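S.K.:
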Amino acid sequence: MARDLTIAVCQTGPIQKSAQRSETVDRLVALLERAAAAGAEIAVFPELALTTFFPRWRIDDQAEIEAFFEPAMPGPQTQRLYDTAARLKIGFALGYAELTRVDGGRFNTMDLVGQDGKLVGRYRKIHVPGSSEPEPGTTVHLERRYFEPGNLGFPVFVYRGVRVGMAICNDRRWPETYRMLCLNGAEIVLIGYNTPLLLDEAPALAHLRMFHNHLPMQAGAYQNTVWVAAAAKAGVEDGQALIGGSCIIAPTGEIAAQAISLDDEVIVHRADLDLIAVCRKVNFDFARYRRPDQYRLIADQV
């Protein structure tokens with residue numbers, strides 16, 4: 001019997017600092033409704049989908065910082081999105097800034113939510129980029145000021161009988177992300193990202209930004225025989241242009257669907273899960289050909 005899962009990528013346009021959380025949730029609910037109407041069974045939203053990308057600023061006021069974080073999910077302002085998922089019977093993955101209740105830890109997080117609106121699993125961004133203070137000559141990117149590296153590893157969760165993993169933004173550039181998810185049994189990898197269109201430190205590479213956006217995701221999909229669905233936040237947000245290019249990538253490495261705008265947009269594709277076995281048989285029979293004893297330097301050396 002054929003196996004498939006219809007995936008929606010819910011790209012958002014910019015979310016300005018002045019936007020109210022309720023206004024942003026309205027947009028996410030509308031996107032989820034569009035995804036469900038198109039037949040999607042699961043949807044993925046961008047990284048930090050509830051707020052502007054606040055690490056572009058050095059903020060010292062703790063109350064201002066905490067206003068960007070969610071101490072509980074769902075909370076009073078986000079419950080409606082979860083209720084919509086339950087009503088429409090569609091799951092979703094949502095990126096947000098997490099403030100842990102117990103110890104006040106701060107993480108760049110993505111939750112996988114089921115068709116019943118309940119939490120299925122959680123991922124915390126492993127590859128946190130940038131710095132804790134502005135560095136001259138570089139694009140201001142202060143994620144390390146606000147977020148700790150993730151501490152949950154690369155978990156994979158079962159959704160409608162399909163094994164689903166998650167990754168966030170910079171994670172998508174690292175081959176270890178896909179290999180760990182693959183080794184943990186992932187069939188689909190859901191990714192959210194916020195990525196500047198231009199980098200002050202590398203203006204000569206500006207024409208390659210979209211190429212470098214898609215390249216590691218296509219390679220990760222191909223080399224690990226997984227489906228990849230990636231949602232961008234796009235457009236000019238608080239003065240910074242963010243790249244779009246939201247996409248769904250097959251285990252062949254081909255882009256099966258891609259967003260065409262820099263605004264709120266939904267793309268949908270039916271992921272043929274049987275294609276995973278075909279691709280694995282052709283090139284990547286891991287059990288037969290992998291040689292973990294020869295790869296130890298990858299984990300032992302930075």
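Under full-length UniProt numbering, think of the first position of the sequence shown as 1, with each following residue one higher. The C-beta atom is built at its ideal place from N, Cα and C for all residues, glycine as well. Keep in mind that this is a model prediction, so the values were computed, not measured.
Quick check on the DSSP output: what are the complete alpha helix (DSSP H) runs of length 4 or more inside the stretch 67-101, in order along the chain?
M.R.: 79-88
S.K.: Pairing CB atoms from the stretch 15-29 with CB atoms from the stretch 138-145, are three or more of them under 8 Å?
M.R.: no
S.K.: Report the residue from 49, 69, 200, 89 whose alpha carbon sits nearest the alpha carbon of residue 33.
M.R.: As a first step, residue 33 is located in the sequence shown; it is residue number 33 there, counting from the start. Comparing Cα positions, the closest option is 89.
S.K.: Could you give the first and the last residue of the continuous alpha helix (DSSP H) run that contains residue 172?
M.R.: Here residue 172 refers to the residue found at position 172 of the sequence shown. Taken as a continuous stretch (DSSP letters only), residue 172 belongs to no alpha helix (DSSP H), as it is neither H nor E.
S.K.: In chain order, what residues of the same chain have a beta carbon less than 8 Å from the beta carbon of residue 101, not counting five sequence neighbours either side?
M.R.: Sequence index remark: in the sequence shown, residue 101 carries index 101 (1-based). Leaving aside the five residues that flank residue 101 on each side, the residues in its chain whose CB is nearer than 8 Å to its CB run, in chain order, 71, 72.
S.K.: Write down the C-beta distance between residue 223 and residue 159 rounded to the nearest angstrom, noting that I regard them as a contact closer than 8 Å.
M.R.: Counting from 1 along the sequence shown, the entry for residue 223 is found at position 223. Counting from 1 along the sequence shown, the entry for residue 159 is found at position 159. Wrong, their Cβ atoms sit about 23 Å apart, outside the cutoff.
S.K.: So residue 218 is in the alpha helix (DSSP H); what residue range does that whole segment cover?
M.R.: The count along the sequence shown starts at 1 and reaches residue 218 at position 218. Where residue 218 is concerned, the enclosing alpha helix (DSSP H) stretches over 209-224.
S.K.: Measure the beta-carbon distance from residue 190 to residue 229 and round it to whole angstroms, keeping in mind my assumption that it falls under 8 Å.
M.R.: Against the sequence shown, residue 190 aligns to sequence position 190. Against the sequence shown, residue 229 aligns to sequence position 229. That pair is a contact at about 5 Å.
S.K.: Taking the beta strand (DSSP E) that residue 229 falls in, what are its first and last residues?
M.R.: If you number the sequence shown from 1, residue 229 lands on position 229. From DSSP, the beta strand (DSSP E) with residue 229 extends over 227-233.
S.K.: Below 8 Å on the Cβ atoms is my guess for residue 5 versus residue 271; work out the distance and round it to an integer in Å.
M.R.: By one-based count along the sequence shown, residue 5 stands at place 5. By one-based count along the sequence shown, residue 271 stands at place 271. Right, the Cβ-Cβ distance comes to about 5 Å (below 8 Å), so this counts as a contact.
S.K.: Taking contact to mean 3 or more Cβ pairs, one atom from each stretch, closer than 8 Å, check whether the stretch 120-136 and the stretch 159-176 are in contact.
M.R.: Contact check between the stretch 120-136 and the stretch 159-176: three or more CB pairs, one atom from each, fall below 8 Å, which counts as touching.
S.K.: Taking the alpha carbon of residue 60 as the point to measure from, which residue in 133, 210, 268 has its own alpha carbon closest?
M.R.: Stepping through the sequence shown from its first residue, residue 60 is reached at position 60. Of the candidates 133, 210, 268, the one whose C-alpha sits nearest the C-alpha of residue 60 is 133.
S.K.: Report yes if the C-beta distance between residue 53 and residue 231 is below 8 Å; otherwise report no.
M.R.: Within the sequence shown, residue 53 is the residue found at index 53, counting from 1. Within the sequence shown, residue 231 is the residue found at index 231, counting from 1. No, these two residues do not count as a Cβ contact at 8 Å.
S.K.: Quickly, what does DSSP pair residue 264 with across the bridge? List them, please.
M.R.: The residue labelled residue 264 in the question sits at position 264 within the sequence shown. Beta-bridge pairing links residue 264 to no other residue.
S.K.: Pick from 207, 288, 234, 296: whose alpha carbon is nearest that of residue 262?
M.R.: Stepping through the sequence shown from its first residue, residue 262 is reached at position 262. Among 207, 288, 234, 296, the Cα nearest to that of residue 262 belongs to 234.
S.K.: Cα separation between residue 188 and residue 164?
M.R.: Here residue 188 refers to the residue found at position 188 when the sequence shown is read from its first residue. Here residue 164 refers to the residue found at position 164 when the sequence shown is read from its first residue. Residue 188 and residue 164: Cα-Cα distance of roughly 5 Å.
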